[in-house]
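Inspection log for the structure reproduced underneath, given as C-alpha cells.
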Amino acid sequence: MMDTKLNTKSVVTEGAERMNQPVVARESVYNVKNLNLWYGDDHALKDVNLDIKKNEVTAIIGPSGCGKSTFIKTLNRMVELVPIVRTNGVIEYHGRNIFEKEYGVEELRTSVGMVFQQPNPFPKSIYDNIAYGPRVHGVKNKKILDEIVERSLRRAAIWDEVKDRLNENAYGLSGGQQQRLCIARCLAIEPDVILMDEPTSALDPISTLKVEELVQELKSDYSIIIVTHNMQQAARVSDKTAFFLNGEVVEFDQTDRIFGNPTDKRTEDYISGRFG
Amino acid sequence: MAANRTIFGENLAILDQKVFLLARKTMQQIATTAEALEKYDQDIARGVIANDNELDDLELEINDDAILLIAKQQPVATDLRRIITAMKISSDLERIADYAGNISKAVLRVETFPYVIDISLLKEAFETLLDMTETAIVAYRDGDVEKAKALSDLDNVIDETTYKALRQYMRHMSLQPIVVDEVMQFTNICRYIERMGDHLTNVGEHLIYLEKGKHYDLNG
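Chains U and S supply the protein sequences, listed in that same order.
For any residue, its number in the working numbering is found by taking its place in the first sequence, counting from 1, and adding 479.
For any residue, its number in the working numbering is found by taking its place in the second sequence, counting from 1, and adding 14.
This is the structure in C-alpha cells:
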C-alpha cells in the first residue's frame, strides 16, 4: 500500500506562505475580547474577538448591516457619538483597555487616524489641510510644518500632483486626490493605526488602485484596518480578513486562507458572491 | 438570502459538462484502442488516431472557457479551484487520449497476426484502466473523495499487470530475437498503459484538491 497521508507540507502551501507574509509573531495592536454593542435594543456586535497585529493590513468584510463599520468605529470610540449606544467587553489597544474611564479619547484618536468613505477635506488650502493637525498639536514653526506637509503628501503618493498648487483650495482636487489628501492629513499627526471605512467606494478604478497601492506601502510603518464592500480589494490588499455576519465574526484568518479555502460555508458563500 | 451569480453558476456547470464529455470521449478512445489491439483491426486503430484531434480541440475549449471565467468573474475558493481543476483534469485526459492514439499507432506497426506474444495481460490492464476511468468520472460527478483515493489502488493493479507483461515480453525477446521489432511495439503499449494509469491518478489528486483544498499524493 502506498502512503496516502495528507501532504500538508506541499510546495504550493509553502509558496502561498511566501506570497503572503513571512510567518513572524507580530505584536498585537488591538486585542478585542468579547465585545458586545447595542444600538438601543438592537444587538449590533455579538461577542467579537479579534487579535489585530502591528504592521498588518486587516480587512473587515461582510454584507450591509453586518456591523463592520460599527466595529471599526469602536476602535477609536467614535461610535460613542451615537447617544443610544451601549457596549461591554474589552478592547485593548497596546495592552490597555480603551473603555477605561481614565483613558483619554483624544489621546486615542491622536494615535488612531481615520479615513472615511467620502473624502472630507477641510474647506481650506491643500497646505492647511495637512498642517491643521500638527498646528492643533502645537507645531508653529513654518519650516517644520513645511517638512511635515511635504513628507505627508509624498507618503500619500500625491505630492507630485499638488506640489505646485499647495495654496489652492482642496475642493479643487478630484475625488481620488481628495481621498489621498485625507490620508496625507491623517499621516501628518503620525498615527500608529489607520482605520479606513470603505475608503475607495466613492472613487474611480484608477484612484482606487492608487489608494490600494498606498495601503500596501503604508503598512510597513502603520497598522491598517480597512472596512470594504469590495471583496477583491480585501483579497488584494490585506494580510488578514475578518468576515462579519449579523454582528458576529464568522471567520478571521489569513487572507490567503479566507479567499483560498475558507472554513465556514457562510464565508465561502459570501466571498464567492452567493449572497450579500 | 437571495442566491446570486446564476449566470456564473450556469457557466461553471457548462465547464463541468465539457470536462465530463472529454472524460467520456477519452474512455471511448481507450475502449476503442483496446478493441483495435484485441482484434488487430487497423481501421479501428486509424479511427482512434483520427478522433484524437476532436479531444485536443475540446481540451483547448475548456482552457479558453476557464480563462474567460477567471478574467470575467474573479472566482475565489471552491469556484476558483473548480476552474483550475477543470483545466488540470482536461490536460491529463488529453494526455491519456494521446496515449490511446499511440497504442493505435503501435497496432498499425505490428505486422504479424495472430500476435507473436500473448496479450491477455494487456487486455487485463485495459479492463482496469476502463474501470479507473469510470471511477474517476463518478468521483468527479459526485465530489467523492473516497472514490478519488481508490484510483491509487487501481493504479497499483495496472503497474503490477504491465510489469508482469513487460517481463514476459522481455523473456520472449531474449528467446526469439527475430521478433524483437514486433515485441517492442507491445512493450511500448505496456508503457503507455502504465502512464495512462498515472494520469488518471493525477485526476484523483486534482479531485481531492478540489474538494478539500489540500494536496494529496496518490502516486507517492
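Note that the Cβ used here is the ideal one computed from N, Cα and C, for glycine as well.
Coil, strand or helix - R565(U) by DSSP: Residue 565(U) sits at position 86 when you count from the first residue of the first sequence. The answer is strand: DSSP assigns R565(U) an E or B state.
Simplified DSSP state of K228(S), which is helix, strand or coil: Within the second sequence, the letter at position 214 stands for residue 228(S). DSSP places K228(S) in the coil class of the three-state scheme, outside both helix and strand.
CB contact check: A91(S) to chain U, cutoff 9 Å: On the second sequence, position 77 is the one that residue 91(S) refers to. With 9 Å as the cut-off, A91(S) counts as an interface residue toward chain U.
C-beta atoms of N666(U) and G617(U) nearer than 9 Å: Translated into the one-based positions of the first sequence, residue 666(U) becomes position 187. Translated into the one-based positions of the first sequence, residue 617(U) becomes position 138. The sequence as given places Leu at residue 666(U); Asn does not occur at that position. No.
Cα-Cα separation between E747(U) and S680(U), rounded to whole angstroms: Walking along the first sequence from the start, residue 747(U) turns up at place 268. Walking along the first sequence from the start, residue 680(U) turns up at place 201. Cα to Cα, E747(U) sits roughly 23 Å from S680(U).
Distance between I172(S) and V193(S) (C-alpha atoms, nearest Å): Counting from one through the second sequence, the residue named residue 193(S) turns up at place 179. Counting from one through the second sequence, the residue named residue 172(S) turns up at place 158. Counting only the Cα atoms, I172(S) lies some 25 Å from V193(S).
Among T549(U), L688(U), D732(U) and N709(U), the one whose alpha carbon lies nearest that of T720(U): As a first step, residue 720(U) is located in the first sequence; it is residue number 241 there, counting from the start. When each option's Cα is compared against that of T720(U), the closest is D732(U).
Within 9 Å of chain S by C-beta, residues of the region 679–711 of chain U in sequence order: The region 679–711 of chain U vs chain S, Cβ under 9 Å: M710 and Q711.
Contiguous alpha helix (DSSP H) assignments of at least 4 residues, all confined to the region 622–698 of chain U: Given a length threshold of 4 residues, each whole run of the alpha helix (DSSP H) inside the region 622–698 of chain U is given here in chain order: 638–641, 654–667 and 684–697.
Spatial distance of I207(S) from R715(U) (CA atoms): Here residue 207(S) refers to the residue found at position 193 of the second sequence. Here residue 715(U) refers to the residue found at position 236 of the first sequence. Spanning the two alpha carbons is a distance of roughly 44 Å.
Bounding residues of the alpha helix (DSSP H) (the contiguous stretch that carries H522(U)): In the first sequence, the residue the question calls residue 522(U) occupies position 43. Unbroken run through H522(U) is the beta strand (DSSP E), D521 to K532; no alpha helix (DSSP H).
Selected residue, minimal CA-CA separation from S751(U), among L524(U), P542(U) and G519(U): If you number the first sequence from 1, residue 751(U) lands on position 272. Cα-wise, what sits closest to S751(U) is P542(U).
Nearest-angstrom beta carbon gap, I540(U) and T707(U) [assumed within contact, 8 Å]: Sequence index remark: in the first sequence, residue 707(U) carries index 228 (1-based). Sequence index remark: in the first sequence, residue 540(U) carries index 61 (1-based). Right, their Cβ atoms sit about 6 Å apart.
Cβ neighbours of K226(S) in the same chain (closer than 8 Å, five flanking residues each side left out): Here residue 226(S) corresponds to residue number 212 of the second sequence, with the count starting at 1. Counting only Cβ-Cβ distances below 8 Å, and skipping sequence neighbours, we find V159.
Under 9 Å between C-beta atoms of R614(U) and F578(U): For this step, residue 614(U) is matched to residue 135 along the first sequence. For this step, residue 578(U) is matched to residue 99 along the first sequence. Pairing R614(U) with F578(U) gives a Cβ-Cβ distance that is not under 9 Å.
C-alpha gap between Y509(U) and D231(S), whole angstroms: For the purposes of this step, residue 509(U) is taken as residue 30 along the first sequence, with counting starting at 1. For the purposes of this step, residue 231(S) is taken as residue 217 along the second sequence, with counting starting at 1. Y509(U) and D231(S): Cα-Cα distance of roughly 41 Å.
Cross-strand partners of T537(U) (DSSP beta bridge): Counting from 1 along the first sequence, the entry for residue 537(U) is found at position 58. Paired residue(s): I704(U) and K719(U).
Beta-bridge pairing of M210(S) - partner residues as DSSP gives them: Within the second sequence, residue 210(S) is the residue found at index 196, counting from 1. None; M210(S) has no bridge partner.
Touch test, the region 139–155 of chain S against the region 183–199 of chain S, Cβ-Cβ under 8 Å, three pairs minimum: The region 183–199 of chain S and the region 139–155 of chain S do not touch, with fewer than three beta-carbon pairs separated by less than 8 Å.
Short CB-CB distance (under 9 Å) between F722(U) and chain S: Residue numbering aside, residue 722(U) sits at position 243 when the first sequence is read from its first letter. Any Cβ of chain S closer than 9 Å to the Cβ of F722(U) would place that residue at the interface, and such an atom is absent.
Cross-chain neighbours of G227(S) in chain U, by beta carbon under 8 Å: As a working note, residue 227(S) is residue 213 in the second sequence. Chain order gives the chain U residues near G227(S) as G739 and N740, where near means a beta carbon separation below 8 Å.
Pairwise C-alpha distance: F738(U) and D55(S): In the second sequence, residue 55(S) corresponds to position 41, counting from 1. In the first sequence, residue 738(U) corresponds to position 259, counting from 1. Roughly 52 Å between the two C-alpha positions.
Cβ contact check for the region 642–656 of chain U and the region 596–611 of chain U: 3 or more pairs under 8 Å: Three or more Cβ pairs closer than 8 Å define a contact, and the region 642–656 of chain U meets that threshold against the region 596–611 of chain U.
C-alpha gap between R630(U) and L72(S), whole angstroms: For the purposes of this step, residue 630(U) is taken as residue 151 along the first sequence, with counting starting at 1. For the purposes of this step, residue 72(S) is taken as residue 58 along the second sequence, with counting starting at 1. One alpha carbon belongs to R630(U), the other to L72(S), and they sit about 57 Å apart.
Listed by chain order, chain U residues near R19(S) by CB distance under 7 Å: Working through the second sequence from its first residue, we reach residue 19(S) at position 5. For R19(S), the neighbours in chain U by C-beta distance under 7 Å run, in chain order, G752 and R753.
For G726(U) and D643(U), the rounded distance between their alpha carbons: Here residue 643(U) refers to the residue found at position 164 of the first sequence. Here residue 726(U) refers to the residue found at position 247 of the first sequence. Looking at the two C-alpha atoms, the distance is approximately 46 Å.
For F754(U), the three-state DSSP class (helix, strand or coil): Within the first sequence, the letter at position 275 stands for residue 754(U). Residue state, collapsed to three classes: coil.
Delimiting residues of the alpha helix (DSSP H) encompassing D156(S): Along the second sequence, read from residue 1 onward, the residue named residue 156(S) stands at position 142. Looking at the DSSP string, the run of the alpha helix (DSSP H) that includes D156(S) is S134 to D156.
Closer than 9 Å to chain U by CB, R95(S): Numbered from 1 along the second sequence, position 81 holds the residue referred to as residue 95(S). Interface flag for R95(S) against chain U is set, since a Cβ pair is found closer than 9 Å.
Nonlocal neighbours in the same chain, by C-beta distance under 7 Å from Q500(U), ignoring five residues either side: Stepping through the first sequence from its first residue, residue 500(U) is reached at position 21. Confidence at Q500(U) is low in this model, with a pLDDT of 47, below 50, so its placement is unreliable and the value that follows should be read with caution. These residues qualify, in order along the chain: D718.
Distance between Q87(S) and I703(U) (C-alpha atoms, nearest Å): What you label residue 703(U) is simply residue 224 of the first sequence in a count that begins at 1. What you label residue 87(S) is simply residue 73 of the second sequence in a count that begins at 1. Whole-angstrom Cα-Cα distance: 28 Å.
Within-9 Å CB hit, A714(U) to chain S: One-based indexing of the first sequence puts residue 714(U) at position 235. Chain S contact via Cβ: present.
Pick from T20(S), Y183(S), G211(S) and L35(S) that is closest to A100(S), judged by C-alpha positions: Taking the second sequence and counting its residues from 1, the one referred to as residue 100(S) is at position 86. Closest by alpha carbon: L35(S).
Spatial distance of R109(S) from D79(S) (CA atoms): The residue you call residue 109(S) lines up with position 95 of the second sequence. The residue you call residue 79(S) lines up with position 65 of the second sequence. So the two alpha carbons sit approximately 19 Å from each other.
Residue nearest to G23(S) in terms of C-alpha spacing, selected from I84(S), E125(S) and E219(S): Numbered from 1 along the second sequence, position 9 holds the residue referred to as residue 23(S). When only C-alpha atoms are compared, the closest one is I84(S).
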